Amino acid sequence: MLGPEALRAKKIDHSDLRIRQAEIPCPEFNRFLYTSVGGQWYWCDRLTWIYNCWMTYLNRPKLQTWVAYLTGTPAGYFELEEQGEGNVEIAYFGLLPQFVGQGLGAHLLTIAVEQTWEMGASRVWVHTCSLDRPYAYKNYESRGFSLYDTQAILRELAPQPPGPWPESYQQP
Numbered sequence: 047m048l049g050p051e052a053l054r055a056k057k058i059d060h061s062d063l064r065i066r067q068a069e070i071p072c073p074e075f076n077r078f079l080y081t082s083v084g085g086q087w088y089w090c091d092r093l094t095w096i097y098n099c100w101m102t103y104l105n106r107p108k109l110q111t112w113v114a115y116l117t118g119t120p121a122g123y124f125e126l127e128e129q130g131e132g133n134v135e136i137a138y139f140g141l142l143p144q145f146v147g148q149g150l151g152a153h154l155l156t157i158a159v160e161q162t163w164e165m166g167a168s169r170v171w172v173h174t175c176s177l178d179r180p181y182a183y184k185n186y187e188s189r190g191f192s193l194y195d196t197q198a199i200l201r202e203l204a205p206q207p208p209g210p211w212p213e214s215y216q217q218p
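So for the sequence shown, the working numbering puts the first residue at 47; every next one is plus one.
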């Protein structure tokens, strides 16, 4: 997305929704967000990170973590990273499973993009793949993102997504 005018904003009016920047690096909290949002979608690249890896990542000066809270409960998050020359990546974005389907995704993405313009971005981009939630791409497109590049990368996946903890999707 190349400018604020390209954003097709969609916000909801919810008096109990708050979106706040997590200003203190906290590996435990970011790992919770990462596994809770991405666990059922094979987000695996950070699962082996130890505490120091998380802390090094979170202490990067151009990285921001933002968290959506609904009635005080974390509902989703996004990470923004400035990459130089006016480029800002929405590095991670998503909702916890119980908050999907309530219009929060469009609202949160709108806020994420608006925040990038406040950071001085001239270009905002997001990386997605076929392992993301089925409506992720539609949300990106609906907010004004356009396809820039595609790549075909084959990955071998476990029979079950990792989830936020072992056997998390085998509930009684």
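For every residue, glycine included, the Cβ atom is placed at its ideal position computed from N, Cα and C. From a predicted model like this one, the values you see are computed outputs, not experimental measurements.
Run through DSSP, which three-state label would residue i get?
i    : result
G85  : helix
P208 : coil
T111 : strand
Q148 : coil
L63  : strand
L116 : strand
K57  : coil
Across which residues does DSSP place residue i in a beta bridge pair?
i    : result
L141 : G122
I136 : L126 and V172
Note down the Cα distance separating residue i from residue j, rounded to an integer number of angstroms.
i    : j    : result
D59  : M101 : 35 Å
L53  : L154 : 13 Å
I65  : Y183 : 22 Å
S188 : L116 : 23 Å
L63  : T119 : 9 Å
G130 : R106 : 13 Å
K57  : I96  : 36 Å
L79  : Y138 : 10 Å
D91  : C99  : 12 Å
Near residue i, which residues of its chain fall below 8 Å by C-beta distance, leaving aside the five closest residues on each side in sequence?
i    : result
V146 : R179
L104 : P71, C72, P73, N76 and T111
Y181 : G151
Y186 : L155, V172 and T174
If you drop the 5 nearest sequence neighbours on each side, which residues of the same chain put their C-beta closer than 7 Å to that of residue i?
i    : result
E128 : K108, V134 and M165
G190 : M47, A52, L53 and R54
G122 : V83, A114, G140, L141, L142, F145, L150 and L154
W87  : L177, D178, R179 and P207
T81  : P210
F124 : W112, I136, Y138, F139, L154 and A158
Taking 6 Å as the limit between beta carbons, can you name the residues of its chain near residue i, skipping five residues before and five after?
i    : result
P50  : W163
T196 : none
Exposed or buried, which one is residue i when buried takes at least 16 other CB atoms within 10 Å?
i    : result
I136 : buried
Q67  : exposed
Y194 : exposed
A167 : buried
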